[in-house]
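Novice: What follows is a single structure, and I will ask about it in a moment.
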Amino acid sequence: MGSKFPFYKICIVGDFGVGKTTLLHQYLERRFCQSVTSTIGSNFFVKRIKIPDVENLITLQIWDLAGQHRFKWVRQQFYKGAKGIVYVFDLTRKKTFDNLPNWKNEIENIIQNFSSILVGNKTDLIDNKKDYIEKVDSENLKQYLGACDYFEASAKSGSNVEDFFFKLITNMYKLFK
Ligand code: GTP
Numbered sequence: 202m203g204s205k206f207p208f209y210k211i212c213i214v215g216d217f218g219v220g221k222t223t224l225l226h227q228y229l230e231r232r233f234c235q236s237v238t239s240t241i242g243s244n245f246f247v248k249r250i251k252i253p254d255v256e257n258l259i260t261l262q263i264w265d266l267a268g269q270h271r272f273k274w275v276r277q278q279f280y281k282g283a284k285g286i287v288y289v290f291d292l293t294r295k296k297t298f299d300n301l302p303n304w305k306n307e308i309e310n311i312i313q314n315f316s317s318i319l320v321g322n323k324t325d326l327i328d329n330k331k332d333y334i335e336k337v338d339s340e341n342l343k344q345y346l347g348a349c350d351y352f353e354a355s356a357k358s359g360s361n362v363e364d365f366f367f368k369l370i371t372n373m374y375k376l377f378k
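Shown next as structure tokens:
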């Protein structure tokens, strides 16, 4: 049975340098931090948010997990209990898109019952005329990951950052309230 005071753990994952820490700074503080250092192991943040038709605030515990391969063993212990996953790739580096199925495997080795969202970050660096990731490819990856939606965002301009978190949170609430 759900609690009157919903609490959800979310993990933000994706390859080294895709912008996980920067997206979180933008979400939590509404600003772009130019010089965040590479995450070592993990950090977590807490945020309370209101969603329509839900009386009490929802508490989010958001874990920022280091993207480098050498932290794989550290990351695994942090997936336990997560009900939301943000899969992030860098729109300017196709390799980070192609690698997300490996992240899905890593996570699903530990947890099975969660909601997720796919995010292509760094739209501010993309020239629209030569869109790097085709719509059909992002749609296929979204389906493969089992993600509830796909957003293109920018941790620099802030574009779509609140929106993708909001979508994930409302989806989590629907599934796990
Ligand atoms: P790890 O913690 O090492 O896994 O990396 P990360 O995914 O947390 O990436 P991080 O947030 O450290 O960002 C990597 C670099 O990309 C930094 O120099 C950021 O300033 C830059 N960056 C992140 N998001 C954006 C964005 O939306 N636009 C631009 N132009 N740069 C960005």
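If you're matching positions, the sequence shown starts at 202 in my numbering and goes up one per residue. Don't be surprised by glycine CBs; every beta carbon is placed ideally from N, CA and C. If you're wondering where the values come from, they're calculated on a predicted model, not measured in any experiment.
(1) Can you tell me whether DSSP reads residue 216 as helix, strand or coil?
(2) Distance, Cα to Cα, residue 202 vs residue 377?
(3) Below 8 Å between beta carbons: does that hold for residue 363 and residue 228?
(4) Residue 357: which of 344, 371, 323 and 372 sits nearest, CA to CA?
(5) DSSP state of residue 293, grouped into three classes?
(6) Name the two residues that bound the continuous alpha helix (DSSP H) containing residue 367.
(7) Are the beta-carbon atoms of residue 289 and residue 346 separated by less than 8 Å?
(8) Considering just the uninterrupted stretch of the beta strand (DSSP E) at residue 316, what are its terminal residues?
(9) Just to confirm, is the Cβ distance from residue 266 to residue 212 under 8 Å?
(10) Is the beta carbon of residue 318 closer than 8 Å to that of residue 369?
(11) At the level of alpha carbons, what is the spacing between residue 283 and residue 313?
(12) Residues bridged to residue 247 by DSSP?
(13) Thinking just about the alpha-carbon of each residue, which of 360, 310, 328 and 255 is nearest to the one in residue 205?
(14) Quick one, are the C-beta atoms of residue 214 and residue 308 less than 8 Å apart?
(15) How is residue 284 classed by DSSP in three states: helix, strand or coil?
(16) Check whether the Cβ of residue 321 sits closer than 7 Å to any heavy atom of ligand 1, and report yes or no.
Specialist: Inspection of the coordinates gives the following:
(1) Note: residue 216 maps to coil in three-state DSSP.
(2) In this prediction, residue 202 has a pLDDT of 45, which is less than 50 and means its spatial position is unreliable; nothing more can be read from the coordinates.
(3) Yes, these two residues count as a Cβ contact at 8 Å.
(4) Of the listed residues, the one whose Cα sits closest to residue 357 is 323.
(5) Three-state DSSP puts residue 293 in coil, outside helix and strand.
(6) Its alpha helix (DSSP H) spans residues 362-377.
(7) At the C-beta level, residue 289 and residue 346 stay beyond 8 Å of one another.
(8) From DSSP, the beta strand (DSSP E) with residue 316 extends over 316-322.
(9) Yes; because the gap between Cβ atoms is below 8 Å, this pair is in contact.
(10) Going by C-beta atoms, residue 369 is nearer than 8 Å to residue 318.
(11) Answer to the nearest angstrom: the Cα atoms are 10 Å apart.
(12) Among the bridge pairs identified by DSSP, residue 247 is matched with 262.
(13) Of 360, 310, 328 and 255, the residue nearest in Cα terms is 255.
(14) Yes.
(15) The answer is strand: DSSP assigns residue 284 an E or B state.
(16) Every heavy atom of ligand 1 is 7 Å or more from the Cβ of residue 321, so no.
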